[in-house]
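To convert, take the position in the sequence shown, counting from 1, and add 758; that gives the numbering used here.
Heads up, the beta-carbon is just placed ideally off N, CA and C, and yes, glycines get one too.
Okay, structure first, notes after.
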Amino acid sequence: GGDRAREFEMRQQGASYEEIARAGGGIISTVKATRDASLEDLVESGLLRARALMRGGVGTIEIKSGYGLDPGTEAKMLIAAGEIARTLGLRVKRTLLAAHAVPPEYSDDRAGYVSLVCDKIIPEIAERGLADAVDAFCETIGFTAEETRRVFNAARKAGLPVKLHAEQLSNLHGAALAAEYKALSADHLEYIDEDGVIAMAGAGMTAVLLPGAFYALRETRKPPVDLFRKHGVKMALASDLNPGTSPALSPTLMINMGAVMFAMTPEEALAGMTRHGAAALELEHETGSLTVGKSADLAIWRIQHPAELAYWIAHPGPHALYVNGVRIDG
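Structure follows, in structure tokens:
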């Protein structure tokens, strides 16, 4: 719920993240806004963002929870995601990210919150069929590797595949941990080492690169694209659309950023937003490429060459968008 435009203004005026947090900002401000929002509020705001992605040529999106951090609000976010899919005709994959941060009411009881996630939130969400996968944020400012392992064990018990935010700010060897569980993907990966890449390759995982967050946070350490190439790890590109670190609404800008900032070839960047993105969502046999037997999902562009989608800085969007053979309009 909400946005963090005011925090952006404060940051540009020199405020530190700590100062912003003390002023009531940061992820907890989004948690409060999301908890306070009605289901209808979340659907309405989500429709605005989903339509922007559609205008950029996207017919399949992933919507994650992670800003409720309690059983009811996490469920509310995932229900809203389903409503957005039904309203727009988009294909939506829903991911439970309750292990995103420790909510304020558990600030003195981290273990208690992890238990809540593992023993209540994951089983209840799985039983209600509200999520397609479980994600976690394994990082110095998130959850430890052992806490993440508990989350993954709970997901496995509930019959849900896993994925992970890993190696964004440090190397906690989260990607290798995710590989033990045959995770679908790992996101960010700026600090992954070659052993982690090898583990991902062995597990058939997809590396999801997030240039919007890299740009917005003014990061300097890039994900090791050369190592992903060397070891045959599929590279997906995503917007990481979120109010705090990547308010990115342009899919084609992500393609351009992947090429310019991460030195991906135009072909790699386009594959990252299509077939490898589908692989990260466990949809590679259904969508992501124009192949006999797959869904008729396609965007029709008025361009002379596919490389133009990486060349133009935020191409305005396709002439038409089809999902499962049906033209959809935002």
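Below 7 Å between beta carbons: does that hold for residue i and residue j?
| i | j | result |
| --- | --- | --- |
| I883 | A912 | no |
| I956 | E925 | no |
| A1017 | P1009 | no |
| I778 | E765 | yes |
| H923 | F901 | no |
| D893 | L855 | yes |
| V920 | A857 | no |
| A934 | V966 | no |
| N838 | G814 | The sequence as given places Ala at residue 838; Asn does not occur at that position. Contact flag unset, no. |
| D791 | G759 | Per the sequence shown, residue 791 should be read as Ala rather than Asp. For A791 and G759, yes; Cβs fall inside 7 Å. |
| V801 | E841 | yes |
| L797 | K834 | yes |
| L999 | E952 | no |
| A971 | S1004 | yes |
Under DSSP, the alpha helix (DSSP H) around residue i begins and ends at which residues?
| i | result |
| --- | --- |
| T964 | T964 -> not in any alpha helix (DSSP H); beta strand (DSSP E) instead, spanning T964 to L967. |
| A944 | Premise fails: A944 lies in the beta strand (DSSP E), S943 to H946, not in any alpha helix (DSSP H). |
| A961 | E952 to A961 |
| D877 | From DSSP, D877 is part of no alpha helix (DSSP H); its letter is neither H nor E. |
| D984 | V983 to K988 |
| M1015 | P1009 to F1020 |
| T1023 | Per DSSP, T1023 belongs to no alpha helix (DSSP H) and is neither H nor E. |
| V789 | I785 to D794 |
| P1074 | Where P1074 is concerned, there is no enclosing alpha helix (DSSP H), given that its DSSP letter is neither H nor E. |
Leaving aside the five residues before and after residue i along the sequence, list all residues of the same chain whose C-beta is less than 7 Å from its C-beta, in chain order.
| i | result |
| --- | --- |
| A1021 | V983 |
| I1058 | P1076, H1077 and A1078 |
| A889 | L836, R852, T853, L854, I883 and L918 |
| N1082 | S1053, A1054 and D1055 |
Can you give me the Cβ contacts of residue i inside the same chain, cut-off strictly under 8 Å, excluding the 5 residues immediately before and after it?
| i | result |
| --- | --- |
| T743 | As displayed, the chain neither begins before 759 nor continues past 1088, which places residue 743 out of reach and without an answer. |
| R1036 | According to the sequence displayed, residue 1036 carries Ala and not Arg. Correct list, in chain order: T818, E1042, E1044, T1045, G1046 and S1047. |
Given this structure, state the Cα-to-Cα distance separating residue i from residue j, to the nearest angstrom.
| i | j | result |
| --- | --- | --- |
| R914 | Y1069 | 42 Å |
| L947 | S997 | 15 Å |
| A936 | K992 | 15 Å |
| A714 | Q770 | Coverage of the chain is limited to positions 759 through 1088, which leaves residue 714 absent and any answer about it impossible. |
| T964 | E820 | 15 Å |
| D1055 | L1007 | 20 Å |
| R852 | G990 | 27 Å |
| E832 | Q1062 | 44 Å |
| T788 | D761 | 7 Å |
| E1066 | M1012 | 13 Å |
| T978 | P969 | 11 Å |
| S873 | G783 | 26 Å |
| E905 | G954 | 19 Å |
| I1086 | T1045 | 16 Å |
| G1002 | S774 | 14 Å |
| A810 | K940 | 33 Å |
| P981 | L1039 | 20 Å |
| I786 | L846 | 30 Å |
Could you give the first and the last residue of the continuous beta strand (DSSP E) run that contains residue i?
| i | result |
| --- | --- |
| M1167 | The structure shown does not extend to residue 1167, since the chain is modelled only from 759 through 1088, so no value can be given for it. |
| H923 | L922 to A924 |
| I1058 | L1056 to I1058 |
| I821 | T818 to K822 |
What residues are listed by DSSP as bridge partners for residue i?
| i | result |
| --- | --- |
| Y1080 | L1056 and R1085 |
| C896 | F901 and A924 |
| L800 | Answer is none; L800 lacks a bridge partner. |
| T853 | K822 and A891 |
| N1000 | S1004 |
Is residue i close to chain B? Criterion is C-beta to C-beta, closer than 7 Å.
| i | result |
| --- | --- |
| T1032 | Among the chains in the structure shown there is no chain B, since it carries only a single protein chain. |
Between residue i and the rest of its own chain, which residues show a CB-CB distance below 6 Å, the 5 nearest in sequence each way excluded?
| i | result |
| --- | --- |
| V816 | P1009 |
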